[in-house]
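**Q** Quick one: structure below, then a few questions.
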Amino acid sequence: GLRMEQRSVSSLAAAINSAGVVAGHDTNNVDLNYLQSAWTWQGTSRQYFSKRNSRDSTFATDINDAGVVTGFLYPGSGVLWRDGQMVDLSAETGLVIVKANAINQAGVVVGVSQQRQQQFVSVVYRDGVAGKLEVFDSTEHEARGINTAGQICGQYRPAGEDRAGRGYLWHDG
């Protein structure tokens with residue numbers, strides 16, 4: 044469930060939906076571990092999401108109009124919060140999803156799956172099922188956003204290049 048107001052030291056607002064509900068997270072700079080806590084805020088009320096344990100940090104990345112929030116736990120678990128309950132996308136899908144970056148109005152989530160040797164690839168989650176995207180011939184890419192038409196944008200590293208990535212737009216397969 045949700046827990047109510049706690050003292051915040053520094054905050055980041057990550058996303059806002061059309062109803063004006065903001066999703067974000069706080070950093071407790073007083074704690075030596077710099078623990079992060081994800082929340083939603085509307086008007087004067089901030090509600091914090093539950094964690095698996097007190098040592099986890101939670102980060103919010105996006106929110107849709109249904110109030111579903113995407114994000115991740117540190118260390119490395121892509122999650123979403125729906126109706127105040129946390130859903131671990133890796134446990135639900137069997138795919139190692141380390142970050143849920145964005146959600147569209149239909150509830151389709153895009154994020155990142157971790158492969159061997161710290162390589163990350165784009166993943167799409169829909170109705171309890173996740174699949175990896177094929178982005179050109181790249182073995183390393185990250186989905187960052189998705190719109191209502193299902194178009195996905197992100198960054199990829201071209202095969203054989205060690206330099207910074209390039210942007211991509213994925214649509215219609």
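Mapping of the sequence shown onto my numbering: residues 44 to 216, in sequence order. The C-beta atom is built at its ideal place from N, Cα and C for all residues, glycine as well. This one's a predicted model, so the numbers in the text were calculated from it and none came from an experiment.
Take the Cβ of Glu183 as the centre, count every other Cβ of all protein chains shown within 10 Å, and call the residue buried at 16 or more, exposed below.
**A** Buried, since its Cβ has 16 or more Cβ neighbours within 10 Å.
**Q** Within the chosen definition, does the region 139-151 reach the region 81-98 through at least 3 CB pairs nearer than 8 Å?
**A** Not touching, per the Cβ criterion.
**Q** Is DSSP giving Arg169 helix, strand or coil here?
**A** Reduced to three states, the DSSP call for Arg169 is strand.
**Q** Closest by CA to Ala202, which one among Glu177, Gln194 and Val64?
**A** Checked all of Glu177, Gln194 and Val64; the closest Cα to Ala202 is Glu177.
**Q** Report, in whole angstroms, the separation of the C-beta atoms of Ser165 and Gly197, which I expect to be a contact under 8 Å.
**A** Contact flag correct, Cβ pair sits at about 6 Å.
**Q** Rounded to a whole number of angstroms, what is the C-alpha to C-alpha distance between Asp126 and Glu204?
**A** Roughly 43 Å between the two C-alpha positions.
**Q** Could you check which residue in Gly208, Asp180 and Leu212 has the C-alpha nearest to that of Gly193?
**A** When only C-alpha atoms are compared, the closest one is Leu212.
**Q** Count the other CB atoms, across all protein chains shown, that sit within 10 Å of the CB of Phe102; report buried if there are 16 or more and exposed otherwise.
**A** Flag for Phe102 reads buried.
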